[in-house]
Amino acid sequence: MTGYSARAVNLSLRVFAMGSRFVLVFALARFLTPGDVGQYGLFMASLSFVVLIVGADFYSYSNREILARPRKEWSFVIQHFFLAILAVYIVTFPVIALFVSLSDDVLNNVAWFFALLVVEHLAQEVNRLLNTIGRPLAAGTVLMVRMGLWVWFVLPLLWMEPGFRGLDLIFLAWFLGAATALLIGVIIIGYEVKLWKLWPLDIQWMKKGFFIGGLFLLSSLSMRGLFTMDRYIVDFILDSEMLGIYVLYISLSMSIISIVKPAIVDFLNPRLVKAHFSSSEDEYKRILAEYRWSTLLLSTSLAIIIALSAPYIFEWTGKEIYGRNLDVLWLLLAVAVLYAVNLPMNGALYARGRNRHILISNVMMPVVFIVSLYLMSSTPSLGMVATSLLCAMVWDILYKHVSYYLTERDVRG
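Residue numbers for the sequence shown, in this note's numbering: 2 to 414.
So, in structure tokens, the structure goes:
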């Protein structure tokens with residue numbers, strides 16, 4: 002299989018996975034109440050936020066270590082990576098239990114929350130490892146099983162049997178899909194990394210990973226916290242029905258990122274880092290240019306498709322309430338496009354090792370969001386929250402682009 006055909010197959014697997022989640026959101030909007038859709042959205046946002054915490058962004062260090070080390074030392078990195086994750090689990094789970102108790106929507110599904118937390122996080126880390134060791138097709142297959150395949154077993158049940166129309170069925174199918182994906186990924190990694198051996202424990206290596214991962218974690222939590230905080234704010238200032246509308250809109254909009262990341266970012270980020278480490282400046286510039294035009298083209302195309310089809314899909318759900326706030330959807334689509342367009346610059350700063358600029362920008366995004374909310378707080382609405390997200394995204398794109406080009410100029414000078 003040629004490089005382009007392999008990439009096309011991988012892209013198809015990943016688009017299928019993300020597209021399946023896209024279809025699931027519409028199925029929930031049709032068969033569940035807006036209140037249940039809102040509860041699902043809060044659960045998803047909370048789980049995604051906590052997955053970041055237990056991962057400690059250690060992969061930001063370990064994956065770069067794999068790229069920089071010979072194949073015979075991969076088992077060292079993987080062994081210490083999962084030991085680090087185990088340590089994080091031991092420390093954070095009591096804190097997570099306290100966090101879960103603060104949200105009734107999550108507390109009502111606490112068993113599913115912890116079960117999905119473990120399998121979803123580990124399957125996600127295995128997915129990243131497969132990409133890093135140069136098995137993108139395997140990573141695409143694992144992603145498809147984890148995020149997409151199980152959806153198509155759920156849809157007929159939702160359609161034909163009203164008794165299954167609840168979140169328990171969704172959570173069960175999700176758990177089985179993620180657990181199966183995890184098993185497949187572990188088997189493939191075990192086969193690929195053939196030089197396995199029990200390495201002596203290197204505490205200093207792990208400490209360095211926690212330090213570097215901690216910087217990325219603060220940055221990631223700031224970004225992910227932004228897309229968790231927004232749902233809790235909507236729930237607080239409005240009601241569960243409006244939260245359901247917002248969850249549907251933001252899910253549609255962020256599906257753009259769910260497709261752009263596996264289709265483009267997961268391919269080009271490792272190549273950008275490799276080009277930097279190999280001092281191949283022409284290759285680095287070529288990859289960055291491809292990165293920029295491909296994210297722009299794909300994100301804007303997806304936004305236009307969603308904008309044109311949304312009114313008809315909302316009508317299909319049979320719930321008029323979803324079609325009453327389309328101006329909010331347009332704002333959130335703009336947020337998603339700006340997010341996507343900024344991913345190449347984020348990758349370029351990461352490849353160059355300018356992590357401080359990523360950290361500053363991401364940490365300031367929730368601040369910009371909260372200040373914007375405060376300035377518009379006299380008229381609480383979905384539009385207020387969406388506009389505040391847009392302000393935060395404009396800050397991010399301006400800061401990262403300016404800081405990248407200024408530092409590039411200083412290096413060349």
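Every residue gets a Cβ at the ideal spot worked out from N, C-alpha and C, and that includes glycine.
Cβ-Cβ separation, residue j to residue i (assumed contact under 8 Å), whole Å
i, j, result
"residue 253", "residue 307", "6 Å"
"residue 224", "residue 366", "6 Å"
"residue 57", "residue 214", "5 Å"
"residue 116", "residue 176", "6 Å"
"residue 97", "residue 130", "23 Å between Cβ atoms; not a contact."
"residue 266", "residue 297", "Not really, about 13 Å apart at Cβ, beyond 8 Å."
"residue 86", "residue 59", "7 Å"
"residue 122", "residue 55", "6 Å"
"residue 236", "residue 244", "5 Å"
"residue 38", "residue 248", "5 Å"
"residue 336", "residue 391", "5 Å"
"residue 81", "residue 207", "6 Å"
"residue 154", "residue 124", "At roughly 17 Å, the Cβ-Cβ gap does not stay under 8 Å, so residue 154 and residue 124 are not in contact."
Given residue i as reference, the closest of the options once Cα atoms are compared
i, options, result
"residue 33", "188, 241 and 111", "241"
"residue 360", "317, 314, 216 and 315", "216"
"residue 340", "228, 278 and 311", "228"
"residue 328", "251, 84 and 197", "251"
"residue 142", "409, 263, 322 and 398", "263"
"residue 11", "402, 128, 370 and 153", "128"
"residue 363", "387, 401 and 372", "401"
"residue 319", "28, 9 and 336", "28"
"residue 50", "99, 118, 61 and 110", "118"
"residue 233", "47, 277, 344 and 153", "47"
"residue 132", "219, 289 and 64", "64"
"residue 120", "373, 374 and 178", "178"
"residue 246", "218, 315 and 73", "315"
"residue 156", "355, 21 and 398", "21"
"residue 268", "256, 281, 291 and 279", "291"
"residue 194", "134, 81 and 280", "134"
"residue 374", "94, 259, 393 and 261", "393"
"residue 355", "256, 311, 277 and 323", "277"
"residue 35", "154, 322, 406 and 396", "322"
"residue 210", "26, 9 and 67", "67"
"residue 69", "279, 378, 317 and 397", "279"
"residue 260", "145, 110 and 313", "145"
"residue 258", "140, 406, 338 and 295", "338"
"residue 417", "407, 53, 294 and 399", "No answer is possible for residue 417: it lies beyond the span of the chain, which begins at 2 and ends at 414."
"residue 379", "184, 238 and 103", "238"
"residue 30", "77, 62, 74 and 317", "317"
"residue 405", "377, 387 and 344", "344"
"residue 353", "74, 309, 102 and 285", "285"
"residue 72", "171, 220, 109 and 197", "197"
Min CB distance residue i to chain C below 8 Å
i, result
"residue 29", "Going by chain labels, chain C is absent from the structure shown, which holds only one protein chain."
Residue range of the alpha helix (DSSP H) that includes residue i
i, result
"residue 209", "204 to 238"
"residue 296", "282 to 317"
"residue 340", "327 to 352"
"residue 181", "168 to 193"
"residue 48", "35 to 56"
"residue 159", "152 to 161"
"residue 377", "Where residue 377 is concerned, there is no enclosing alpha helix (DSSP H), given that its DSSP letter is neither H nor E."
"residue 264", "Here residue 264 belongs to no alpha helix (DSSP H), and DSSP marks it neither H nor E."
"residue 145", "137 to 145"
Proximity test, residue i beta-carbon vs the ligand NAP heavy atom, cut-off 7 Å
i, result
"residue 170", "Among the components modelled here there is no ligand, and therefore nothing to report on the ligand NAP."
Legend entry - Touch test, the region 198 to 211 against the region 36 to 46, Cβ-Cβ under 8 Å, three pairs minimum: no
Inset, instruction - Determine contact between the region 141 to 155 and the region 13 to 25, defined as no fewer than three beta-carbon pairs at a distance below 8 Å. - result: yes
Inset, instruction - Could you tell me whether the region 316 to 334 touches the region 383 to 391, using the rule of 3 or more Cβ pairs below 8 Å? - result: yes
Legend entry - the region 159 to 172 / the region 300 to 318 touching (three or more Cβ pairs under 8 Å): no
Inset, instruction - Indicate whether the contact test is met: 3 or more Cβ pairs, each with one atom in the region 348 to 357 and one in the region 272 to 281, closer than 8 Å. - result: yes
Inset, instruction - Jot down the residue ranges of each uninterrupted alpha helix (DSSP H) in the region 58 to 93, minimum 4 residues, whole runs only, in chain order. - result: 60 to 69
Legend entry - Length at least 4, wholly inside the region 105 to 135: the alpha helix (DSSP H) runs in chain order: 105 to 108 and 111 to 133
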